[in-house]
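Colleague:
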Amino acid sequence: MRVTNSMMSNRLLMNLNKNLLRLDKHQQKLSTGKKFNMPSDDPIGVSKSLELNTARSELEQYKKNAEDALSWLEITESAISDIGDILQRARELAVSADGTETKNDKEKIKAEIDQLREQLIKLANITYSGKYIFSGFKTNQALLQDNGTYNIDSRDAEIMKFNVGVADQVVVNILGHKLFGATTTENAPPYNTNLDGVQVNMNEGDAIPGRKAELIALFEDFSYALENNEQTRIEQTIARIDKHMENVLSLRGEIGAKTNRMELTINRIDNDYLNFTKLLSKNEDADLAEVIMQFKNDENVYRAALSTGAKAIQPSLIDFIR
1 MRVTNSMMSN
11 RLLMNLNKNL
21 LRLDKHQQKL
31 STGKKFNMPS
41 DDPIGVSKSL
51 ELNTARSELE
61 QYKKNAEDAL
71 SWLEITESAI
81 SDIGDILQRA
91 RELAVSADGT
101 ETKNDKEKIK
111 AEIDQLREQL
121 IKLANITYSG
131 KYIFSGFKTN
141 QALLQDNGTY
151 NIDSRDAEIM
161 KFNVGVADQV
171 VVNILGHKLF
181 GATTTENAPP
191 YNTNLDGVQV
201 NMNEGDAIPG
211 RKAELIALFE
221 DFSYALENNE
231 QTRIEQTIAR
241 IDKHMENVLS
251 LRGEIGAKTN
261 RMELTINRID
271 NDYLNFTKLL
281 SKNEDADLAE
291 VIMQFKNDEN
301 VYRAALSTGA
311 KAIQPSLIDF
321 IR
């Protein structure tokens with residue numbers, strides 16, 4: 001087969017173009033620091049990067065949820081701790097009211113009990129980011145009214161869950177009626193009735209809107225007993241306070257366990273995120289030293305091809321005659 005000058009020129013240009021493409025890819029790797037910049041550069045690597053980035057995005061969201069849950073739990077624990085302190089103080093006052101104090105002393109105790117009652121109502125309606133933490137999923141409604149009666153129906157209250165991982169949820173809220181109790185059906189047998197075609201079921205411990213929370217009623221009873229010098233009723237208050245203190249202690253333990261779990265969850269998410277970041281870097285980041293070496297090699301090949309091609313292809317008749 002006769003090889004013409006045109007054929008040699010075309011082949012030389014084609015090979016030179018291939019060398020330039022390789023140099024361009026190396027240049028892109030050096031400028032971006034990445035092994036690939038287009039899906040066509042490494043389809044498998046790009047697919048793996050997409051999976052790793054998706055996993056990291058999910059972890060970022062899970063961490064936000066876990067941190068939000070932790071903050072919610074910390075606010076709840078603080079409120080329950082304050083309620084425990086109030087109960088402890090009320091018990092001390094009940095013990096001190098042993099019948100030997102003067103009328104003036106009892107008036108002072110009564111005034112403090114009334115203040116503690118007001119503080120309990122404030123704690124019942126405490127919020128986190130504008131949401132009432134003891135109102136179940138009805139976070140836009142306060143648990144108690146100013147007079148200590150329930151503002152929501154405990155039968156409609158629901159627990160709140162935060163997604164902190166794949167198939168991993170944590171309940172962050174304590175339902176208010178479990179903390180403050182109910183007076184309407186406390187220690188009463190369950191019953192049901194039908195009102196205007198609507199079936200109504202009542203169970204022990206249900207909190208009903210418009211009815212007094214048991215813990216608030218306790219402080220009001222204590223205040224009444226002090227005002228009317230009912231010593232037996234004052235002494236009975238101590239047992240009622242002890243019951244609530246046991247409940248508060250149990251709920252604090254529950255919240256504490258969940259708080260520890262959230263702290264461990266956040267640490268685990270941070271570790272997982274770091275591992276995925278390392279895998280992503282290993283999959284995407286170019287070895288700059290290796291890329292520079294490849295660039296130099298291909299650059300030398302390109303220059304050699306230019307020099308050789310210039311000698312092999314005769315540009316004119318005079319050069320051919322020579």
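For the sequence shown, full-length UniProt numbering assigns the number 1 to the initial residue and increments by one for each residue that follows. Glycine residues also receive a C-beta, built at the ideal position from the N, C-alpha and C atoms. Treat the numbers as computed from the prediction; the structure is a model and nothing was measured.
1. For residue 325, which residues from the same chain have a beta carbon less than 6 Å from its beta carbon, with the 5 sequence-adjacent residues on both sides left out?
2. Any idea if VAL170 is buried or exposed, counting beta-carbon neighbours within 10 angstroms, 16 or more meaning buried?
3. For ASP285, count neighbouring Cβ atoms within 10 angstroms of its own Cβ and tell me buried if that reaches 16, exposed if not.
4. Just mark ASP298 as buried or exposed, buried being the case when its beta carbon has 16 or more other beta carbons within 10 Å.
5. Write down every uninterrupted run of the alpha helix (DSSP H) in the UniProt domain "Flagellin C-terminal" (239–320) whose length is 4 residues or greater and which is fully enclosed by it, in chain order.
6. If the criterion is Cβ atoms closer than 8 Å, does the pair ALA97 and LEU226 meet it?
7. Note down, in chain order, each residue of its chain lying with its Cβ closer than 6 Å to the Cβ of LEU218, except the 5 sequence neighbours on either side.
8. Quick check: the Cα distance between ASN10 and PRO43, rounded to an integer number of angstroms?
9. What are the start and end residues of the alpha helix (DSSP H) that includes VAL46?
10. What are the start and end residues of the alpha helix (DSSP H) that includes GLY176?
11. When you compare the CB positions of THR127 and ILE121, do they come within less than 8 Å of one another, or not?
12. Among ILE238, LYS48, PRO39 and LEU20, which has the Cα closest to the Cα of SER281?
13. Does LEU143 come out as helix, strand or coil in the three-state DSSP assignment?
14. Start and end of the alpha helix (DSSP H) containing LYS108?
15. Out of LEU175, ASP146, TYR150 and ASP153, which one is the CA nearest neighbour of MET160?
16. Is the distance from the Cβ of ALA213 to the Cβ of GLY256 below 8 Å?
17. Whose C-beta lies closer than 7 Å to the C-beta of LEU23 among residues of the same chain, with five residues either side of it excluded?
18. Whole angstroms is fine: what's the gap from THR193's alpha carbon to TRP72's?
Modeller: Let me lay it out:
1. No answer is possible for residue 325: the residues shown for the chain start at 1 and end at 322.
2. Residue mapping note: residue 170 aligns to position 170 of the sequence shown, counting from 1. So VAL170 counts as buried.
3. Here the question's residue 285 lines up with position 285 in the sequence shown. The residue is exposed, with fewer than 16 neighbouring Cβ atoms inside 10 Å.
4. Within the sequence shown, numbered from 1, the residue matching residue 298 stands at position 298. Per the 10 Å Cβ criterion, buried.
5. 288–312
6. Taking the sequence shown and counting its residues from 1, the one referred to as residue 97 is at position 97. Taking the sequence shown and counting its residues from 1, the one referred to as residue 226 is at position 226. Yes, they are a contact pair.
7. One-based indexing of the sequence shown puts residue 218 at position 218. Within the same chain, LEU218 has close Cβ partners ARG240.
8. Position 10 of the sequence shown, counted from the first residue, corresponds to residue 10. Position 43 of the sequence shown, counted from the first residue, corresponds to residue 43. Each residue's Cα considered, the two are about 31 Å apart.
9. Along the sequence shown, read from residue 1 onward, the residue named residue 46 stands at position 46. Its alpha helix (DSSP H) spans residues 43–96.
10. To locate residue 176, count along the sequence shown from 1; it is residue 176. Here the alpha helix (DSSP H) through GLY176 covers 176–180.
11. As a position in the sequence shown, residue 127 is number 127, starting the count at 1. As a position in the sequence shown, residue 121 is number 121, starting the count at 1. It is not a contact, given that the beta carbons lie outside the stated cut-off.
12. Working through the sequence shown from its first residue, we reach residue 281 at position 281. Residue LYS48 is the option with its Cα nearest to SER281.
13. Translated into positions along the sequence shown, residue 143 becomes position 143. Residue state for LEU143 is assigned as coil, using DSSP reduced to three classes.
14. Here residue 108 refers to the residue found at position 108 when the sequence shown is read from its first residue. Counting along the chain, the alpha helix (DSSP H) containing LYS108 begins and ends at 103–124.
15. Translated into the one-based positions of the sequence shown, residue 160 becomes position 160. Nearest option by C-alpha distance: LEU175.
16. Position 213 of the sequence shown, counted from the start, is the residue given in the question as residue 213. Position 256 of the sequence shown, counted from the start, is the residue given in the question as residue 256. Cβ distance not < 8 Å, so ALA213 and GLY256 don't count as in contact.
17. Reading the sequence shown from its first residue, position 23 is the one you call residue 23. Sequence-distant Cβ neighbours of LEU23 in its own chain, meaning closer than 7 Å and more than five residues away, are PHE295, ASP298, GLU299 and TYR302.
18. On the sequence shown, position 193 is the one that residue 193 refers to. On the sequence shown, position 72 is the one that residue 72 refers to. A caution first: THR193 carries a pLDDT of 36, below 50, which makes its placement in the model unreliable, though a value can still be read off. For THR193 and TRP72, the distance between alpha carbons rounds to 37 Å.
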